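*Asks:* The sequence shown begins at 46 in the working numbering and counts up one residue at a time.
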Amino acid sequence: MAHLPGHKNAQTKQLMSQPNSVAPQDPDPLGLQADIGHERAVKDTCSNPPSTQGWQISNQARFVQQVRVHGSCSIDLFDSTRRSTRDPNLIAPHRPSTMQPLEHPFRGYRSPVLAPPVDLTLIGWHLRERDNQVYMAKLSEQAERYDEMVNFMKEVAKLGVELTVEERNLLSVAYKNVIGARRASWRIVSSIEQKEENKGNSAQVDKIKAYRQKIEAELSDVCSDILAVLDQYLIPSAEAGESKVFYYKMKGDYHRYLAEFAAGDKRKEAASSAHDAYKHATDIAQTELAPTHPIRLGLALNFSVFYYEILNSPDRACHLAKQAFDDAIAELDTLSEESYKDSTLIMQLLRDNLTLWTTDLQDGDKAEEAKEAETEEAK
């Protein structure tokens, strides 16, 4: 193996020790121009490798060049990701590199042409794209354009990586607003339809029914969309127990929304899927999350609502809600300051539901007793 001349080794050390320069001003805060430049760089160095005639880029030099390019473009991105988890308003802008092209240090020496072990340029592009989508989702939320917010967060989910807490919450908020508006519309239209039926206005009922079915089609599309994202991307990429509980709870919620307006076999299928998802989330939560954890409490709240509204089982709903409330009260001293507000709010909702459902059960028992007394008198 030939030894490199001394001046070549010195040149290599000098090039590798040069610090990356960063532009003092950022003319392109979203990094769109940098994205185009890096796409070209990938095509130039990977898609079209140089021929064996003339000099060739060795594996070592090529990898060093990618590390340098990636280091000048991505360090701020990693830092901003860690910071934005704590403060969603703090987003570090991308700063494109002004580094000059790296001169090949081994010119004139043959070396095997191998693919680099990791394409760091491509990774950097994914990170920038992810940050851009998250930023646009936040912007859409401020503008209350939740349909577009859903689209931005879907692109993040489709990257196939585990979402941060901030990204997870953005996804949930986006879909919750999109589905929430349609659920409210469905309830209003269904109530009007019932009133018109009681009045005997058949002509109006037909119009209302057609409009209700249109809303139901939109509800079905939204639920099917998020359920597909959960099954294909979010649940398979979830590693932390908290993430798994969050996504299975979300899966149960959207199957429950389908069961709210479905009928016949479709309702049974949606209810069964919702129950399975809630049960799976509960099994994980009992081993991975504390009783005071807001996600575990929220799961118990929604699961109990499912028992009450979908399965018409107030006894099981009350038992589940009371058990979750009592478990949280027993460990209230261990509640962290970060989750104190969320946890106590959900505990209040659990107690409110318990009060309402217990009253309904007592009224139902009284009505049943009165009905039995009337039956005995009739005999």
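The C-beta atom is built at its ideal place from N, Cα and C for all residues, glycine as well.
Being a predicted model, the structure only gives us computed values, none of them experimental.
1) Kindly indicate which three-state DSSP category H364 falls into: helix, strand or coil?
2) Report the rounded CA-to-CA distance for S185 versus C268, giving the unit in angstroms.
3) Three or more beta-carbon pairs under 8 Å between the region 328-347 and the region 356-373, yes or no?
4) Which of the three DSSP states, helix, strand or coil, is assigned to I391?
5) Would you grab the beta carbon distance between I280 and Y292 for me? Rounded to a whole angstrom, and I think it's under 8 Å.
6) Is L406 closer than 7 Å to P336 when the C-beta atoms are compared?
7) Beta-carbon separation of A316 and I355 under 7 Å?
8) Does V267 come within less than 7 Å of chain B when only Cβ atoms are used?
9) Taking buried to mean at least 16 other C-beta atoms within 10 Å of its own C-beta, is H83 buried or exposed?
10) Using a Cβ-Cβ cut-off of 8 Å (strictly less than) and excluding sequence neighbours within five positions of A202, which residues of its own chain qualify?
11) Can you find at least 3 beta carbon pairs, one from the region 227-235 and one from the region 258-265, that sit closer than 8 Å?
12) Quick one: what does DSSP say T404 is sitting in, helix, strand or coil?
13) Taking just the CA atoms, how far does K221 sit from G205?
14) Under a Cβ-count criterion, where at least 16 other Cβ atoms within 10 Å of its own Cβ denotes burial, should E212 be classed as buried or exposed?
15) Quick check on I374: buried or exposed, where buried means 16 or more other Cβ atoms within 10 Å of its Cβ?
16) Starting from A308, follow the alpha helix (DSSP H) in both directions and report where the run begins and ends.
17) Identify the continuous alpha helix (DSSP H) that holds L215 and give its terminal residues.
18) Please report the distance separating the alpha-carbon of K199 from that of D192.
19) Does DSSP put G205 in a helix, a strand or coil?
20) On a CA-only basis, which of V290, H338, I391 is nearest E383? Give me that one, please.
21) Near M181, what residues of its chain come up, given a Cβ to Cβ distance below 7 Å and the 5 sequence neighbours on each side ignored?
22) Name the two residues that bound the continuous alpha helix (DSSP H) containing E342.
23) Do E241 and Q249 have their beta-carbon atoms positioned less than 7 Å apart in this structure?
24) Around the Cβ of S388, are there at least 16 other Cβ atoms within 10 angstroms (buried) or fewer (exposed)?
25) In the DSSP assignment, find the alpha helix (DSSP H) that holds R257 and state where it starts and stops.
*Replies:* This is what the structure holds:
1) The three-state reading of DSSP puts H364 in helix, counting H, G and I together.
2) Between S185 and C268, the C-alpha separation is close to 20 Å.
3) yes
4) helix
5) Rounded, the Cβ-Cβ distance is 5 Å, consistent with contact.
6) Going by C-beta atoms, P336 is not nearer than 7 Å to L406.
7) yes
8) Judged by its chain identifiers, the structure shown contains no chain B, having just a single protein chain.
9) Note on H83: pLDDT 37, under 50, position unreliable in the model; the coordinate value appears next. Under the 10 Å beta carbon count, H83 is surrounded by 16 or more other beta carbons and is classified as buried.
10) L208, L216, V274, Y278, L279
11) Flag = yes, the region 227-235 and the region 258-265 touch.
12) helix
13) If you take the alpha carbons of G205 and K221, they lie about 22 Å apart.
14) buried
15) Exposed, since its Cβ has fewer than 16 Cβ neighbours within 10 Å.
16) Note, A308: premise wrong, no alpha helix (DSSP H); not H, not E.
17) 210-244
18) 11 Å
19) coil
20) H338
21) Same-chain partners within the cutoff: F197.
22) Here residue 342 turns out to be Leu, not Glu, going by the sequence shown. If you look at L342, you'll find it in the alpha helix (DSSP H) that goes 339-354.
23) yes
24) buried
25) Taken as a continuous stretch (DSSP letters only), the alpha helix (DSSP H) holding R257 covers 247-274.
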